[in-house]
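Single-structure report; data block below.
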Amino acid sequence: MEGEVNNFAMVWIAVLASLCYCHTVAKFIPKGAARFLAILPISIIFTLLPLNLTTMHLGATSSFFIAWLANFKILLFAFDKGPLYSNTPIPLSLFVPLACLPVKIYDHSGNEFKETPSHQVPGKQNKSLLNYGIKIYVLGFLMNMYVYKDIFHKNFILVLYSIHMYLGLELLLAMFGALARMIMQVELEPQFNEPYLATSLQDFWGKRWNLMVSKILKPTVFEPTRSISTSLVGRRWATFVGVLATFFVSGLMHELVFYTYGRQKTRGEVMCFFLIHGVTVCIEIGLKKAVNGRFRLPEMVTGPLTIMYLVVTSFCLFFPPFLRGNADVKVCTEFLAFVEFVWKGRLVGPNNMSCSSIL
Numbered sequence: 001m002e003g004e005v006n007n008f009a010m011v012w013i014a015v016l017a018s019l020c021y022c023h024t025v026a027k028f029i030p031k032g033a034a035r036f037l038a039i040l041p042i043s044i045i046f047t048l049l050p051l052n053l054t055t056m057h058l059g060a061t062s063s064f065f066i067a068w069l070a071n072f073k074i075l076l077f078a079f080d081k082g083p084l085y086s087n088t089p090i091p092l093s094l095f096v097p098l099a100c101l102p103v104k105i106y107d108h109s110g111n112e113f114k115e116t117p118s119h120q121v122p123g124k125q126n127k128s129l130l131n132y133g134i135k136i137y138v139l140g141f142l143m144n145m146y147v148y149k150d151i152f153h154k155n156f157i158l159v160l161y162s163i164h165m166y167l168g169l170e171l172l173l174a175m176f177g178a179l180a181r182m183i184m185q186v187e188l189e190p191q192f193n194e195p196y197l198a199t200s201l202q203d204f205w206g207k208r209w210n211l212m213v214s215k216i217l218k219p220t221v222f223e224p225t226r227s228i229s230t231s232l233v234g235r236r237w238a239t240f241v242g243v244l245a246t247f248f249v250s251g252l253m254h255e256l257v258f259y260t261y262g263r264q265k266t267r268g269e270v271m272c273f274f275l276i277h278g279v280t281v282c283i284e285i286g287l288k289k290a291v292n293g294r295f296r297l298p299e300m301v302t303g304p305l306t307i308m309y310l311v312v313t314s315f316c317l318f319f320p321p322f323l324r325g326n327a328d329v330k331v332c333t334e335f336l337a338f339v340e341f342v343w344k345g346r347l348v349g350p351n352n353m354s355c356s357s358i359l
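Going left to right, the sequence shown walks through residues 1 to 359 as UniProt numbering numbers them.
Written out as structure tokens, the structure reads:
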């Protein structure tokens, strides 16, 4: 465990140094191909750095933050686009957390960076405290239910894992969002929007689930692909090409995150999961354009159908590689090792912890 912590520190020191370089490069090299070539080595470094980590909490999280989000942000920055670019230059003290944390500054007018004093940040954050409190309670309740894992059907356990994954990811991103808000004193865009209330796959992936990912994939993948495809297949079909390309890249990055903590050769299941959803979203878009508002199923029907489709495809394609990498056991043992360190000051490796009473 000590080696993992040391590697974690070295990885993030390298990340901070690299972001300082990117921030400085923009002052001397204009946007475009020249700046892209100057930043490209950093992009490669960001892709490889998380592979020095193997734990679920440190490795998978760092892979998501660095190899995916930060990587895409700096590539957009090379062309004066994305969350790192502003008409008013962003200072280094804000550039770094904005680049390496899963946050995006709320854009009120145009593309101008403005600091927002903490007392002026909208009160909707206060409402979220109750929301997050309920989710923390539900997550704790789920952890207690794992004690009775042997008496439940395996599919019910997968349902619990699905809820656990959603709550864990939202709370993790909310924690880093709160940290970023405290450091930067700015208003940030929401990271999740109650995905269980989705009424369609478009609604789920585009407006509710892990919004930082959808907001970074749109300018890096969807818009360029649609623009290039328009001249080849026309505007109508270019949208579908852009959607499929977006889900393909999402699947590719998920495969990388899974490999970071599991170190297992991919079987392509996660990629298939996202490609299937990409095709389904394209069908949704096509049907909506075909009926042109003349017919619409009630949300009380489309909502449950959407969640059911997500659950079934997740059970078949998303969770098998997740569980083959022993992600459930790793989450538990790493959490117990963290508790051991906090309460007793002992740095114990997750391999020395047992979750037999829980999992």
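We put the beta carbon where it would ideally sit given N, CA and C, even for glycine.
Worksheet item: Going straight from the alpha carbon of I228 to that of L130, what length do you get?
Response: Taking the first residue of the sequence shown as position 1, residue 228 is located at position 228. Taking the first residue of the sequence shown as position 1, residue 130 is located at position 130. C-alpha separation (whole angstroms): 45 Å.
Fill in: Beta-carbon gap between P304 and L76 smaller than 8 Å
Residue numbering aside, residue 304 sits at position 304 when the sequence shown is read from its first letter. Residue numbering aside, residue 76 sits at position 76 when the sequence shown is read from its first letter. In this structure, L76 does not lie closer than 8 Å to P304 by Cβ.
Worksheet item: What does a CB cutoff of less than 6 Å around L19 pick up in its chain, not counting 5 residues either side in sequence?
Response: Walking along the sequence shown from the start, residue 19 turns up at place 19. Only residues of its own chain outside the window of five on either side were considered, and among them V96 and A99 have a CB closer than 6 Å to the CB of L19, listed in chain order.
Discussion item. Taking only three categories from DSSP, how would you classify I105?
Written reply: Within the sequence shown, the letter at position 105 stands for residue 105. In the three-state reduction of the DSSP assignment, I105 falls in the strand class.
Worksheet entry | Nearest-angstrom Cβ-Cβ length linking F79 and F36, presumed shorter than 8 Å | Here the question's residue 79 lines up with position 79 in the sequence shown. Here the question's residue 36 lines up with position 36 in the sequence shown. With 8 Å as the limit, F79 and F36 qualify as a contact, their Cβ atoms being about 7 Å apart.
Worksheet item: Cα-Cα, which of G286, K215, Y259 and G251 is closest to A238?
Response: Within the sequence shown, residue 238 is the residue found at index 238, counting from 1. Check the Cα spacing between A238 and each of G286, K215, Y259 and G251: the tightest is with G286.
Item to complete: With DSSP collapsed to three states, give me the class of residue 361.
Response: There is no way to answer for residue 361, as the model of the chain reaches only from 1 to 359.
Item to complete: Pick out the complete alpha helix (DSSP H) segments inside the region 172 to 256, 4 residues or longer, and give them in chain order.
Response: The qualifying runs are 211 to 217 and 223 to 233.
Worksheet entry | CA nearest to the CA of S200, picked from M145, M143, C282 and V270 | As a working mapping, residue 200 is identified with position 200 in the sequence shown. Closest option to S200, Cα to Cα, is C282.
Item to complete: Count the other CB atoms, across all protein chains shown, that sit within 10 Å of the CB of A34; report buried if there are 16 or more and exposed otherwise.
Response: Indexing the sequence shown from 1 puts residue 34 at position 34. A34 comes out exposed.
Worksheet item: By how many angstroms is the C-alpha of A38 removed from the C-alpha of F72?
Response: Here the question's residue 72 lines up with position 72 in the sequence shown. Here the question's residue 38 lines up with position 38 in the sequence shown. Computed Cα separation, rounded: 15 Å.
Discussion item. Tell me the rounded alpha-carbon separation between P224 and T246.
Written reply: Here residue 224 corresponds to residue number 224 of the sequence shown, with the count starting at 1. Here residue 246 corresponds to residue number 246 of the sequence shown, with the count starting at 1. Whole-angstrom Cα-Cα distance: 10 Å.
Worksheet entry | For Q120, the three-state DSSP class (helix, strand or coil) | Indexing the sequence shown from 1 puts residue 120 at position 120. Because the pLDDT at Q120 is just 44, under 50, the model does not fix this residue reliably, and the value given afterwards should be weighed accordingly. Helix at Q120.
Discussion item. Starting from R35, trace the alpha helix (DSSP H) in both directions and tell me its first and last residue.
Written reply: Working through the sequence shown from its first residue, we reach residue 35 at position 35. The continuous alpha helix (DSSP H) containing R35 extends over residues A33 to L48.
Discussion item. Pairs of beta-carbons, one from the region 244 to 264 and one from the region 176 to 186, closer than 8 Å: are there three or more?
Written reply: The region 244 to 264 vs the region 176 to 186: no contact.
Item to complete: Report the three-state DSSP secondary structure of F152 (helix, strand or coil).
Response: Sequence index remark: in the sequence shown, residue 152 carries index 152 (1-based). DSSP places F152 in the coil class of the three-state scheme, outside both helix and strand.
Worksheet item: Where T313 and P195 are concerned, what is the direct C-alpha to C-alpha distance, given to the nearest angstrom?
Response: Position 313 of the sequence shown, counted from the start, is the residue given in the question as residue 313. Position 195 of the sequence shown, counted from the start, is the residue given in the question as residue 195. A straight line joining the alpha-carbon of T313 with that of P195 spans about 16 Å.
Discussion item. On the DSSP letters alone, give me the boundaries of the alpha helix (DSSP H) that F319 sits inside.
Written reply: By one-based count along the sequence shown, residue 319 stands at place 319. From DSSP, the alpha helix (DSSP H) with F319 extends over F319 to R324.
Item to complete: Go to H57, then tell me how far its alpha helix (DSSP H) extends in each direction, as first and last residue.
Response: For this step, residue 57 is matched to residue 57 along the sequence shown. Taken as a continuous stretch (DSSP letters only), H57 belongs to no alpha helix (DSSP H), as it is neither H nor E.
Practice prompt. Please state whether DSSP places A78 in a helix, a strand or coil.
Written response: On the sequence shown, residue 78 is found 78 positions in, with the first residue counted as 1. Correct three-state label for A78: coil.
Worksheet entry | Alpha carbon of L197 to alpha carbon of S93, nearest angstrom | Taking the first residue of the sequence shown as 1, we reach residue 197 at position 197. Taking the first residue of the sequence shown as 1, we reach residue 93 at position 93. Distance between the alpha carbons of L197 and S93: 37 Å.
Worksheet item: Which residue's Cα is closest to the Cα of V15: V243, I44, F222 and I105?
Response: In the sequence shown, counting from the first residue as 1, residue 15 sits at position 15. Residue I44 is the option with its Cα nearest to V15.
Worksheet entry | chain B contact for T24 (CB, 8 Å cutoff) | As a matter of chain content, chain B is missing from the structure shown, which is built from one protein chain.
Fill in: Rounded separation between A290 and E284 - CA only
In the sequence shown, residue 290 corresponds to position 290, counting from 1. In the sequence shown, residue 284 corresponds to position 284, counting from 1. Across the structure, A290 and E284 are spaced so that their CA atoms are roughly 10 Å apart.
Worksheet item: If we ignore side chains and look at the alpha-carbon of each, how far apart do I216 and K81 end up?
Response: Locating residue 216 in the sequence shown gives position 216, where the first residue counts as 1. Locating residue 81 in the sequence shown gives position 81, where the first residue counts as 1. Taking the straight line from one Cα to the other gives about 11 Å.
Worksheet item: Going by Cα to Cα distance, which pick from L101, Y106 and A70 is closest to S86?
Response: Position 86 of the sequence shown, counting from 1, holds the residue named residue 86. Among L101, Y106 and A70, the Cα nearest to that of S86 belongs to Y106.
Worksheet item: Looking only at its own chain, which residues have a Cβ that is under 7 Å from the Cβ of A9, when we skip the five neighbours before and after it?
Response: Stepping through the sequence shown from its first residue, residue 9 is reached at position 9. Contacts found: none.
Worksheet item: Taking the C-alpha atoms as reference points, what is the distance between D150 and F156?
Response: In the sequence shown, counting from the first residue as 1, residue 150 sits at position 150. In the sequence shown, counting from the first residue as 1, residue 156 sits at position 156. Going by C-alpha positions, D150 is about 11 Å away from F156.
Practice prompt. Give the straight-line distance between the Cα atoms of T302 and W12, rounded to the nearest whole angstrom.
Written response: Numbered from 1 along the sequence shown, position 302 holds the residue referred to as residue 302. Numbered from 1 along the sequence shown, position 12 holds the residue referred to as residue 12. Pairing T302 with W12, the inter-Cα distance amounts to about 43 Å.
Practice prompt. Please confirm if the region 51 to 67 is in contact with the region 254 to 271, defined as three or more CB-CB distances below 8 Å between the two stretches.
Written response: Between the region 51 to 67 and the region 254 to 271 there are three or more C-beta pairs closer than 8 Å, enough to call the two in contact.
Practice prompt. Could you pull out every residue in the same chain whose Cβ sits closer than 6 Å to the Cβ of C272, ignoring the five residues on either side in sequence?
Written response: Against the sequence shown, residue 272 aligns to sequence position 272. Here C272 has L317 as same chain residues with Cβ atoms under 6 Å from its own Cβ, once five neighbours each way along the sequence are excluded.
Worksheet item: Is G234 buried or exposed, if buried means 16 or more other CB atoms sit within 10 Å of its CB?
Response: Residue numbering aside, residue 234 sits at position 234 when the sequence shown is read from its first letter. Under the 10 Å beta carbon count, G234 is surrounded by fewer than 16 other beta carbons and is classified as exposed.
Practice prompt. Tell whether a beta-carbon distance below 8 Å holds between T306 and F204.
Written response: Locating residue 306 in the sequence shown gives position 306, where the first residue counts as 1. Locating residue 204 in the sequence shown gives position 204, where the first residue counts as 1. Closer than 8 Å, so yes.
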